[in-house]
Structures are given as C-alpha cells and as structure tokens.
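Some notes on the structure that comes next.
Numbering (my numbering), first residue to last: 39 to 410.
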C-alpha cells in the first residue's frame, strides 16, 4: 500500500474555494520551489512523499509558552449535528472561475464549468497576514451566510509546515501562530462553518523534535478551543493523514495528543486532503481512527474526494498523476455513519507542480480529471 504524506503547495494567486475529492500520495520526486502568495490563499495542497521513501528533517524553533486558552461556550449536547442541513458554499472567486469567465470559446469550457467550477470548494488561508486575515475570513463567512450556505475554510499557517518541503512557510513561530488563530477565529461569524485545521500538521509531525511536536500539538488543541469559543456553530476537523499513511492506532494517538478527541477542541478528523485514495478506503480508515481515538461518540470525519475517483496510482506518483478523475461531489449528507461530509479541499485542476506551476490552475489537467 502506498504510504505518503499530504503536502499543501501554497503558491499562485488563487482567491476562491476548493471542493473535496479522493485519495493518493506518492514518491518523493524533485519538487518545484514554492513561494507564498501576497493575496488570500485558497490553494489546496499537493501530496507529499511517503515517509518510507524519503525522510525529512526540520529544526523547530524554540517553543514559546502558551497563554491560557479560552473555554468553549457550549456543551457537548449543544454541538451542531454531524450532517449540517445547509448546502455547501461556492465562493465567487477562484482560479477555475477566472478561467471559465475568460475562456468561453475554449472547447474545454463547458465541461470544466459544469463539473468543476460549478461545485463548492474550500477556501484556503495559507498566508501569514495577521492584519488582514479577520476581514478575509469574514468576507467568506458573510458571503455564505447571505446565501444560507455552509463555507469550508482551511487554516494553513502552522510554523514549519511541510517540514521545510515544497509548501514551506507559515507563521514565524508558535506564539505568532496562536495570535494568528485568534484573528482567524474572529472572522468566522456566528453561522455554520466547517474548519479544516492545518493539513499535514499531525500526520507529518515526526520531522519535529519531541518537544517541538508537543508544542505544536498544544497550539493545535488551543486553536480548536479558540475557534469553537469564537463561533459555537463552527465544526473543527483535525489532520488524520490518509489510509495509505500511518496505521489507524498510531494516527489516533497523535490526534489525541493534539486535542482531537476533546469536544472542547474538535468535531472529528479529516483525511485524504490533496490525495487520491478511494472513498471506501477512507471511510473504513477514518472509522478505525475514530474508534481508536475515543472521545465523544459524535466525533466524525470529512473526506477530500476531489481527485479520488480512480483511486491512488499504483506506482505511488503524487504529482499530478495521469489517469485520475473527479471523486464524489461535495456534500454534508453522506448517509454513512460517522462520515460528516465529502468535501473538495483540493480544487481539481490546480497543479501539484508537474502539469503546471504548483498551485496554479491548469485547464488541460482540469479537463483530464473532468472527462475521465
């Protein structure tokens, strides 16, 4: 079975949303250098290589002391239901929508417009911009509230993200990250919202020292508490990697250390972000993780289904692998026990860095996914 990490490439100037699809990670081939965008970053992650193929190392900065965390304002019984009633929100700005608007005569237009651009997707916040993040998040949640829909937002600024790999960046240290999360949470409003908290931050944490990992996990637990205190209707999901990575018991232990088993911080886990593993495999894996994790019985899972229609490549390729296709359309009503949603977290057509510049929309890649 392919084992690999899920790394988020943060480049380009996308300003939209991303929908959930399915699985796949691959080997660690040469990867393009990545720089951060100066604008609102909603770009989905590119899969990272398997720990069994390549070992990463990182020297985490000295961890600052944590400030007292706010306490949540609602009890477990008052938490939002697993299957949110409202429809998912399609943000009006994204790279795929920009392409559709500007290329009406392209023969690929109609298929990309209907199968990709018409679907709701996650909005990424990957730029460390504490002075503007509250307003940026607020614009997304207000737009969703005005339509009576549910936005999916991704917080992706943890220090040492991607362990210095292709998606390196984030806040300068954990003290700065804690302050950024406070401002991120301040923009979440009072309506329903799904928060994907830091892809790869837990599954890929072994590159950190023991102390660095513990400090990161303390910040992640705090982040969940801050978000849920700021908006009691927010649903917060923690990084479970994917079915081809860590064994469920190991991943559950890491999640528990990061607060994912506590109702004060968490509504459950997410898996398969920017990957290709089949939905059925992710469902089985997520249920095993949740069982091993323990915690409240209503903890659930959301699965990125944006590119997993054909499953993960047999050769473990992670970078824009050929022969993939769109997975299940985004929904918060899966009909599956403990599976809260299928989401498009990685926007189909945004390249991992092989068929186009990393993080940028590549119409040929999008067309291949949509027509497979």
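In this text, a Cβ means the ideal position worked out from N, Cα and C, and glycines have one as well.
For residue 340, the residue or residues it bridges with in DSSP: Within the chain shown, the letter at position 302 stands for residue 340. Residue pairing by DSSP places residue 340 opposite 308, 379 in a beta bridge.
Residue 137: first and last residue of the uninterrupted beta strand (DSSP E) it sits in: Locating residue 137 in the chain shown gives position 99, counting from the first residue. Unbroken run through residue 137 is the alpha helix (DSSP H), 133-140; no beta strand (DSSP E).
On the CB-based measure, 16 or more other CB atoms within 10 Å of its CB, does residue 217 come out buried or exposed? Mapped onto the chain shown, residue 217 falls at position 179. Result: exposed.
Return helix, strand or coil for residue 128, following the three-state DSSP convention. Residue mapping note: residue 128 aligns to position 90 of the chain shown, counting from 1. Residue 128 falls in the coil class under three-state DSSP.
Thinking C-alpha only, which one of 150, 359, 276, 282 is nearest residue 292? In the chain shown, residue 292 corresponds to position 254, counting from 1. For residue 292, the closest alpha carbon among the candidates 150, 359, 276, 282 is that of 276.
Hey, which unbroken runs of the beta strand (DSSP E) at 3 residues or more fall wholly within the region 223-276? 231-235
Buried or exposed for residue 322, please, with buried defined as at least 16 other CB atoms from any protein chain shown within 10 angstroms of its CB. Your numbering for residue 322 matches position 284 in the chain shown. Exposed, by the Cβ-count rule.
Between which two residues does the beta strand (DSSP E) carrying residue 192 extend? Counted from its first residue, the chain shown places residue 192 at position 154. Unbroken beta strand (DSSP E) run through residue 192: 190-193.
Between the Cα of residue 308 and the Cα atoms of 225, 403, 342, 336, which residue gives the shortest distance? Within the chain shown, numbered from 1, the residue matching residue 308 stands at position 270. Considering only alpha carbons, the answer is 342.
DSSP state of residue 397 mapped onto helix, strand, coil: As a first step, residue 397 is located in the chain shown; it is residue number 359 there, counting from the start. It is coil, neither helix nor strand.
N- and C-terminal bounds of the alpha helix (DSSP H) containing residue 320: Position 282 of the chain shown, counted from the first residue, corresponds to residue 320. Residues 317-331.
What separation, rounded to the nearest whole angstrom, lies between the Cα atoms of residue 394 and residue 133? By 1-based counting over the chain shown, the position of residue 394 is 356. By 1-based counting over the chain shown, the position of residue 133 is 95. One C-alpha to the other measures close to 13 Å.
So residue 314 is in the beta strand (DSSP E); what residue range does that whole segment cover? Along the chain shown, one-based indexing puts residue 314 at 276. Here residue 314 belongs to no beta strand (DSSP E), and DSSP marks it neither H nor E.
Just the Cα atoms here: how many angstroms apart are residue 193 and residue 282? Start at 1 with the first residue of the chain shown, and residue 193 comes out as number 155. Start at 1 with the first residue of the chain shown, and residue 282 comes out as number 244. The alpha-carbon atoms of residue 193 and residue 282 are separated by roughly 23 Å.
Mind checking residue 265: buried by the 16 CB within 10 Å criterion, or exposed? The residue given as residue 265 occupies position 227 in the chain shown. Under this definition residue 265 is a buried residue.
Exposed or buried, what is residue 289 when buried is set at 16 or more other beta-carbons lying within 10 Å of its beta-carbon? Along the chain shown, one-based indexing puts residue 289 at 251. Under this definition residue 289 is a buried residue.
Find out if the Cβ-Cβ distance for the pair residue 345, residue 384 is shorter than 9 Å. Position 307 of the chain shown holds residue 345. Position 346 of the chain shown holds residue 384. Contact: yes.
My assumption, with CB atoms under 8 Å, is that residue 126 sits in contact with residue 187. Please give the rounded CB distance. As a first step, residue 126 is located in the chain shown; it is residue number 88 there, counting from the start. As a first step, residue 187 is located in the chain shown; it is residue number 149 there, counting from the start. Confirmed, about 6 Å.
Got a sec? Which residues, its chain only, sit under 7 Å from residue 226 by beta carbon, not counting five neighbours each side? Here residue 226 corresponds to residue number 188 of the chain shown, with the count starting at 1. Excluding sequence neighbours, residue 226 sits near 175, 179, 265, 268, 269, 272.
Under 7 Å Cβ to Cβ from residue 366, same chain only, skipping five residues before and after it: list those, please. For the purposes of this step, residue 366 is taken as the residue at position 328 of the chain shown. Around residue 366: 317, 343, 380.
Out of 347, 375, 391, which has the shortest C-alpha to C-alpha gap to residue 408? Mapped onto the chain shown, residue 408 falls at position 370. It is 347 whose Cα lies nearest to the Cα of residue 408.
Report yes if the C-beta distance between residue 319 and residue 362 is below 9 Å; otherwise report no. As a first step, residue 319 is located in the chain shown; it is residue number 281 there, counting from the start. As a first step, residue 362 is located in the chain shown; it is residue number 324 there, counting from the start. Not in contact: residue 319 and residue 362 (Cβ atoms no closer than 9 Å).
If distances are taken between C-alpha atoms only, which option among 221, 191, 238, 234 comes closest to residue 203? On the chain shown, position 165 is the one that residue 203 refers to. When each option's Cα is compared against that of residue 203, the closest is 238.
Under the three-state reduction of DSSP, which class applies to residue 120: helix, strand or coil? The residue given as residue 120 occupies position 82 in the chain shown. Bear in mind that a pLDDT of 43 at residue 120, under 50, signals an unreliable position, so the number given afterwards is only what the model happens to contain. Residue 120: coil per DSSP, three-state reduction.
Between the beta-carbon of residue 404 and the beta-carbon of residue 386, is there less than 9 Å? Counting from 1 along the chain shown, the entry for residue 404 is found at position 366. Counting from 1 along the chain shown, the entry for residue 386 is found at position 348. In this structure, residue 386 lies closer than 9 Å to residue 404 by Cβ.
Consult DSSP for residue 170 and reduce its assignment to one of helix, strand or coil. To locate residue 170, count along the chain shown from 1; it is residue 132. In this structure, residue 170 counts as coil in the three-state DSSP scheme.
Going by alpha carbons, who is nearest to residue 224 out of 141, 248, 332, 261? Your numbering for residue 224 matches position 186 in the chain shown. Scanning 141, 248, 332, 261 for the CA closest to the CA of residue 224 turns up 261.
Is the CB-CB distance between residue 334 and residue 301 below 9 Å? Locating residue 334 in the chain shown gives position 296, where the first residue counts as 1. Locating residue 301 in the chain shown gives position 263, where the first residue counts as 1. The answer is yes: Cβ separation under 9 Å.
Under the DSSP definition of a beta bridge, which residues are partnered with residue 162? Start at 1 with the first residue of the chain shown, and residue 162 comes out as number 124. In the DSSP output, where bridge partners are listed per residue, residue 162 has 192.
Whole angstroms are fine: how far does the CA of residue 280 sit from the CA of residue 315? Position 277 of the chain shown holds residue 315. Position 242 of the chain shown holds residue 280. Rounded to the nearest angstrom, the two C-alpha atoms are 8 Å apart.
Between the alpha carbons of residue 376 and residue 351, how many angstroms are there, rounded? Position 338 of the chain shown, counted from the first residue, corresponds to residue 376. Position 313 of the chain shown, counted from the first residue, corresponds to residue 351. Their backbone Cα atoms lie some 27 Å apart in a straight line.
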